[in-house]
Amino acid sequence: MPDADPHAKPLSAQRAAPLSGRFSTPGDKAISHRALILGALAVGRTRIEGLLAAEDVLSTANALRALGAVVDLHEGGCDVHGLGINGLLAPATPLDFGNAGTGVRLMLGVLAPYRFISHLTGGPTLTRRPMQPLLDALAVTGMSVLESDDGHLPIAIQGPLAPAPIRYTMKAPSEQIKSALLLAGLASPGTTTIIEPVPTGDHTEKLLADFGAQISTVLDEAGAATITLVGLPELKPRRVIVPGDPSSAAYAIVAALIVPGSDLVIENVLINPNRTGLIDTLLEMGGDIAFINQREAGGEHVADLRVRSSRLRGVHVTADHAGAMLDDIPALAIAAAYADGSTMIEGIAALREQECDRLAVTAAGLAANGVECLEGRDQLLVKGVGAVPGGGQVDTHHDHRIAMSFLVLGLASKAPVTIDDARPIAASFPGFVTALSAVGASFSAG
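If you count the sequence shown from 1, position 117 lands on 118 in this note's numbering, and the numbers rise without skipping.
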């Protein structure tokens, strides 16, 4: 492991008693970002309930403040006083997104039509993430890139003299690029058309419709989607209810499956079909997961999940399936470590370009704790051992999902598992340790 950071906060997870009770899922990160942005582009006050008050989302809130919107955080959510389409103001300083990849990509789309110059930057894990595919897509708006570090942040952009309607066919599936184009289309006259040969998540489309935009999606016989959006609408302020984040719920789900004797209810989980890839895979592995209290919240389908400890079996996860749940692959690898037999996960090369090389770091963490695995260029084979030895130390590389996943590994291992730094968890789930401790998990300072 590299030289220790004197400010790091090592944390260990010990074998836990059965997990039981009710686990409250924090607000969905993807929807939180989008609700803040659309609230700032509406005219008047939008109230967002259940907003995820984590570092990544707060970076987007701060960027919107720098652009003139008023964002008032309060317990349980926030109020956004929006300025309307084309109402944002030129920022006086660079917009720093910390490590919020979703936030910076969406805001590049928002700012692409604006004539003023916008400087966007971020922290060390964000500046290593490639932005060139998004910049190439946004070129259709007439946006100019004035500064770029070979397609990486920091980036400076300037919108065209006269924005034109957008027509774009997606070159590869990407909900973030599609969403950025739709947000750019709000400030462009005429009709924006996005063609998705392979449809992706639809959170942006649902929220745009809820805020009053004229948007529609048509599927052809081959399953391709054509999305049309009429530009320059007057978005109406809304009351937005943010459902629980399935990627944050993933850690409690996997923990309850692998800790013997557990019987845990995980509340308020978004079960949009585009976001349930991990749950679907865990069910295929033999996980005892029941959907209860299903309901609608904020235009999305949510449910409570009753999860009981289960004897899992290894499975084969295809590239198409894995690509729809990239954020959840580290958590899936933890479940696979406790399964009977091997789990092959294919098509996950994109993990190498996230907050860290998540594919390599996940493999290294498993190996450090006695789990045999084989790392390929775009695949991971986890040889389930049923009972994980543990006892290893994991370098998180400042990645929140790596940190939480390996703490979950330690809740059922024979010896404790230690991560080098728990601080990155605040990026997406500040209350992670408290929430899991409340249902029986055991952690101690490293």
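From the three backbone atoms N, C-alpha and C, an ideal C-beta is built for every residue, glycine too.
If you're wondering where the values come from, they're calculated on a predicted model, not measured in any experiment.
Neighbour-count burial assignment, residue i, 16 or more Cβ in a 10 Å radius
i, result
"Q355", "buried"
"F444", "buried"
"K172", "exposed"
"H75", "exposed"
"G99", "buried"
"G77", "exposed"
"T319", "exposed"
"P390", "exposed"
"I293", "exposed"
"T103", "buried"
"T47", "buried"
"A428", "buried"
"L94", "Residue identity differs from the one stated: residue 94 is Thr in this sequence, not Leu. Its Cβ having fewer than 16 others within 10 Å, T94 is exposed."
"D400", "buried"
"T435", "exposed"
"S310", "buried"
"E56", "buried"
"A364", "buried"
"R239", "buried"
"R116", "exposed"
"L258", "buried"
"A163", "exposed"
"G22", "exposed"
Contacting residues, own chain, Cβ-Cβ under 8 Å from residue i (five flanking each side not counted)
i, result
"V141", "I167, R168, Y169, L182"
"A70", "G40, A41, V81, H82, G83, L84, L89"
"I118", "A91, L147, A157, I158, Q159"
"A62", "L37, V72, L74, C79"
"K207", "G300, E301"
"E285", "V316"
"G387", "Y339, A340, D341"
"G202", "A31, E176, N273, N275, R276"
"R35", "L107, S180, H204, T205, L208"
CB contact check: residue i to chain C, cutoff 8 Å
i, result
"A70", "Considering every chain present, this structure includes no chain C. It has just one protein chain."
Contacts around residue i, its chain only, beta-carbon distance under 6 Å, and the 5 residues preceding and following it disregarded
i, result
"F407", "G366, V395, V418, I420"
"L220", "A226"
"A185", "G110, A113, P114, T142"
"I178", "L135, A138"
"S217", "T229"
"Q215", "V231"
"M144", "A113, I158, G160"
"A442", "A17, L412"
"I464", "Because the chain in this structure spans residues 2 to 447, residue 464 falls outside the shown range and cannot be described."
8 Å contact criterion, which residue i and residue j should meet: CB distance rounded
i, j, result
"R307", "A332", "About 18 Å; that fails the 8 Å criterion."
"Q15", "G393", "The Cβ separation is near 14 Å, so there is no contact."
"P27", "D246", "6 Å"
"F430", "S249", "5 Å"
"G243", "L52", "Reading the sequence as shown, one finds Val at residue 243 and not Gly. With a Cβ gap of about 6 Å, V243 and L52 count as contacting."
"F43", "F212", "At residue 43 the sequence reads Ala, which differs from the Phe that was named. At roughly 6 Å, the Cβ-Cβ gap stays under 8 Å, so A43 and F212 are in contact."
"L437", "A256", "7 Å"
"G124", "V105", "About 11 Å; that fails the 8 Å criterion."
"M108", "L121", "7 Å"
"V270", "V303", "6 Å"
Own chain residues within Cβ distance below 7 Å of residue i, not counting five before or after
i, result
"G315", "A337, A340, D341, G342, S343, T344, G385"
"V199", "P174"
"G278", "H322, A325, M326, D329"
"K10", "D422, A423, R424"
"D6", "D422"
"H398", "C357, V362"
"N87", "A188"
"K237", "A43, F212, G213"
"L360", "I349, L352, R353, E376, L381"
"I267", "F24, T26, A250, A253, I254, D305, L306, V308"
"C374", "A364, L367, A368, L381, L382, V383, K384"
"G152", "P131, M132, Q133, L136"
"A210", "I216"
Could you pull out every unbroken alpha helix (DSSP H) segment of at least 4 residues lying fully inside the stretch 97-148, listed in chain order?
-> 102-112, 133-139
With a cut-off of 8 Å, do at least 3 Cβ pairs link the stretch 222-231 to the stretch 19-31?
-> no
Runs of alpha helix (DSSP H) lying entirely within the stretch 33-68, each at least 4 residues, in chain order = 56-67
Would you mind listing the beta strand (DSSP E) stretches within the stretch 312-358 that are 3+ residues and don't spill past its ends, in chain order?
-> Every beta strand (DSSP E) of 3 residues or more that sits fully in the stretch 312-358 is shown, in chain order, as 341-347.
Inside the stretch 227-289 only - beta strand (DSSP E) runs reaching at least 3 residues = 240-242, 264-271
Fully enclosed by the stretch 374-432, which alpha helix (DSSP H) runs are 4 residues long or longer?
-> DSSP runs (the alpha helix (DSSP H)) wholly in the stretch 374-432: 401-411.
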